[in-house]
Amino acid sequence: IKSEPTIFFLFGGTGDLTSRKLVPALYNLYIDGRMPTHFQIVAMGRTQYSNDAFRDVLLKDIKQFSRKRVGQAPPETWDQFAKHIFFQVSDINNPQTYQEQSERIAEFGKICSGEPNVVYYLAVAPRFFSTIAENISKFKLAANPEKARIVIEKPFGHNLESARQLNQLLGGVFSEQQIYRIDHYLGKETVQNILALRFSNSIFEPLWNRNYIDHIQISVSEQLGVGSRGGYYDESGALRDMIQNHILQLLCLVAMEPPTSFQADEVRNKKVDVLHSMRKFTAEDVKKNAVRGQYSKGWMEGQELPGYREEPGVAPDSNTETFAAIKFHIDNWRWHGVPFYLRTGKRMHQSSSVIMIQFKDVPHLIFPSEAIEGWQQNRLIISIQPEMSVRLQIQAKRPGLDMTLNPVDMIFDYNGTYTGDTPEAYETLLLDTMLGDQTLFMRGDQVEAAWDLVMPILNAWGGKKSISFPNYPVDSWGPETAESLIAKDGFHWFTLP
Ligand code: BG6
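For what it's worth, UniProt numbering labels the leading residue of the sequence shown as 8, then goes sequentially.
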């Protein structure tokens with residue numbers, strides 16, 4: 008499907024997201040022939056750049072960050088693409104900025120002989136959202152709900168109340184069909200595949216419930232620390248930064264009921280149902296079922312790394328968590344009694360995002376104990392990154408004269424199955440904003456439901472009483488209490504070999 012003429016306004020046009028993700032994604036879409044014939048990318052910022060000077064800056068970024076290398080496309084490709092890029096020197100507080108946008112849209116409309124799609128991409132700090140939205144409204148820049156769209160980056164609110172306020176603010180200017188709330192995890196190839204795996208195969212659905220599933224783990228561990236983002240992260244923490252959004256979205260995809268179609272709202276209705284069915288924590292539950300951690304300095308791969316409190320931008324006595332592990336329950340017919348264990352952390356031993364679905368054990372074992380060399384209940388392991396695979400762990404007979412059982416994997420590995428590299432999440436998501444497809448974006452009620460769920464934990468953790476941080480070293484699997492959280496139910500955290 009070819010999208011219609013589109014003009015992108017990138018607020019935060021000189022920022023990191025624009026140079027590392029947005030422009031490279033648009034460039035890749037261009038090479039893949041997925042950009043419309045008529046499009047403009049207008050980066051907005053206060054720096055005085057001419058179009059040419061700005062294009063030169065972007066070329067350097069493309070060379071560094073683009074999936075497809077500049078040399079991979081015919082030599083003239085960059086020049087052709089760059090002609091669509093413009094820099095608008097602007098100040099978001101100055102009405103003239105929006106007047107100029109209005110003129111640009113009109114000019115562009117003349118070139119493409121019709122009303123173009125207009126995408127306002129807010130790659131700026133949340134404190135600027137209201138000024139931009141109000142001006143867009145004042146200058147009637149989003150009057151046509153079929154054509155104008157706004158893209159909002161995370162964080163979408165800092166808590167339930169601020170998320171509600173932001174929804175209200177945006178709702179005063181845009182209709183829900185115009186608002187694209189980004190959760191980049193939803194654009195990942197392997198995350199989209201969860202829907203394909205569950206709803207285009209018949210063999211999983213009969214087993215996908217409390218009768219056959221023992222428990223589910225979703226683990227997103229990162230070797231990276233907070234790097235240069237200490238200022239932001241210290242106000243946020245692992246629960247806000249990863250669990251409220253990315254990991255709960257993964258959980259929704261795993262736990263949702265089958266949608267009636269692949270229409271955006273059908274899918275999103277079923278996802279929000281999951282959030283509404285999740286058991287809310289009491290203060291007592293927080294103590295029992297939620298664990299937090301913060302990393303201390305240590306060695307990783309031969310390098311000595313600072314502890315979280317020594318990172319730039321972080322308070323030396325910070326109580327912000329860089330690790331969280333939580334056990335959730337979903338109170339509905341499908342999942343009654345099936346625990347969902349979620350964990351995420353920075354500076355952990357491995358970078359790996361994995362969903363592990365463990366099935367119940369066989370009801371009766373016919374083999375003698377000598378036959379069992381290794382025993383593992385069946386597992387379906389969806390590896391999101393860096394390995395991209397789906398593994399079904401089964402018991403099998405080891406070849407030989409004896410009946411000896413051990414666990415083996417049936418593996419669907421992306422690298423072995425498909426050739427060519429995989430589009431980045433932002434390529435998928437930006438294409439969807441042009442096509443007007445909201446399936447992979449978060450609806451306002453979803454975001455609020457996710458905040459509502461984590462608020463009791465945030466409130467408990469935000470209290471004055473400090474826990475003894477730091478409590479896990481760099482290059483570990485988090486604090487010991489994370490292991491006890493799951494061990495007391497008789498399980499262990501799963502890690503890929
Ligand atoms: C971001 C978080 O949303 O996701 C980061 O703010 C985190 O702290 C990142 O590192 C993880 O994304 P990915 O795609 O690298 O798994």
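Glycine is no exception: its CB is placed at the ideal position from the N, C-alpha and C atoms.
- In the three-state scheme derived from DSSP, where H, G and I count as helix and E and B as strand, asparagine 124 is classed as strand.
- According to DSSP, residue pairing for tyrosine 348 in a beta bridge involves Gln224 and Lys334.
- Collapsing the DSSP output to three states places valine 261 in a helix.
- Not one heavy atom of ligand 1 is found less than 7 Å from the C-beta of glutamine 256.
- Note that the C-beta distance between threonine 138 and glycine 244 is not below 8 Å.
- For phenylalanine 72, the CB contacts under 8 Å within the same chain, skipping 5 residues up- and downstream, are Ser26, Arg27, Lys28 and Pro31 in chain order.
- Beta bridge pairing from DSSP links serine 396 with Ser390 and Asp420.
- At a Cβ-Cβ threshold of 8 Å, serine 228 and threonine 351 count as neighbours.
- Short note on glutamine 230: C-beta not closer than 7 Å to any heavy atom of ligand 1.
- In this structure, the beta-carbon distance from isoleucine 391 to valine 397 does not fall below 8 Å.
- The three-state reading of DSSP puts phenylalanine 136 in helix, counting H, G and I together.
- For leucine 204, no beta strand (DSSP E) segment is defined; the enclosing uninterrupted segment is the alpha helix (DSSP H) at 196-206.
- In this structure, glutamine 301 has its beta carbon at no less than 7 Å from each heavy atom of ligand 1.
- In the three-state DSSP reduction, leucine 492 falls in the helix class (H, G or I).
- Secondary structure of isoleucine 186 (DSSP, three-state): strand.
- Note on isoleucine 373: under 16 other CB atoms within 10 angstroms of its CB, so exposed under the neighbour-count rule.
- Excluding sequence positions up to five before and after alanine 170, its CB lies within less than 8 Å of the CB of Phe163, Gly164, Val454, Glu455 and Trp458, all in the same chain and listed in chain order.
- Ranking Ala80, Pro375 and Lys353 by CA distance to the CA of serine 226 puts Lys353 first.
- Scanning Ser483, Lys495 and Gly451 for the CA closest to the CA of valine 158 turns up Gly451.
- The Cβ atoms of glutamine 230 and phenylalanine 501 lie no closer than 8 Å to each other.
- Counted as a single uninterrupted DSSP element, the stretch harbouring threonine 84 is not any beta strand (DSSP E) but the alpha helix (DSSP H) occupying residues 84-89.
- The stretch 43-60 and the stretch 91-98 touch, with no fewer than 3 CB-CB distances between them shorter than 8 Å.
- Checking the 7 Å criterion, the Cβ of histidine 356 is out of range of every heavy atom belonging to ligand 1.
- Secondary structure note for glutamine 365: its beta strand (DSSP E) is the uninterrupted segment 359-366.
- Annotation for glutamate 196: Thr429 place their beta carbon closer than 6 Å to its own, counting only its chain and skipping 5 residues before and after.
- Between the stretch 79-91 and the stretch 127-134, the count of Cβ pairs shorter than 8 Å is below three; the stretches do not touch.
- Comparing C-alpha distances from glutamate 431 to each of Leu258, Ser284 and Gly194 shows the shortest one belongs to Gly194.
- Contact between the stretch 267-274 and the stretch 288-298 is absent, with fewer than three C-beta pairs closer than 8 Å.
- Taking one beta carbon from each stretch, the stretch 359-366 and the stretch 232-241 have fewer than 3 pairs nearer than 8 Å; the two do not touch.
- Secondary structure note for valine 369: it is in no beta strand (DSSP E), with a DSSP letter that is neither H nor E.
- Note on glycine 78: under 16 other CB atoms within 10 angstroms of its CB, so exposed under the neighbour-count rule.
- Of the other Cβ atoms in all chains shown, fewer than 16 fall within 10 Å of the Cβ of tryptophan 306; this residue is therefore exposed.
- Around the CB of valine 369, fewer than 16 other CB atoms lie within 10 Å, so the residue is classed as exposed.
- The closest heavy atom of ligand 1 lies less than 7 Å from the beta carbon of histidine 191.
- Checking the 7 Å criterion, the Cβ of aspartate 248 is within range of a heavy atom belonging to ligand 1.
- Closest in C-alpha terms to threonine 488, from the list Thr104, Glu317 and Ala332, comes Ala332.
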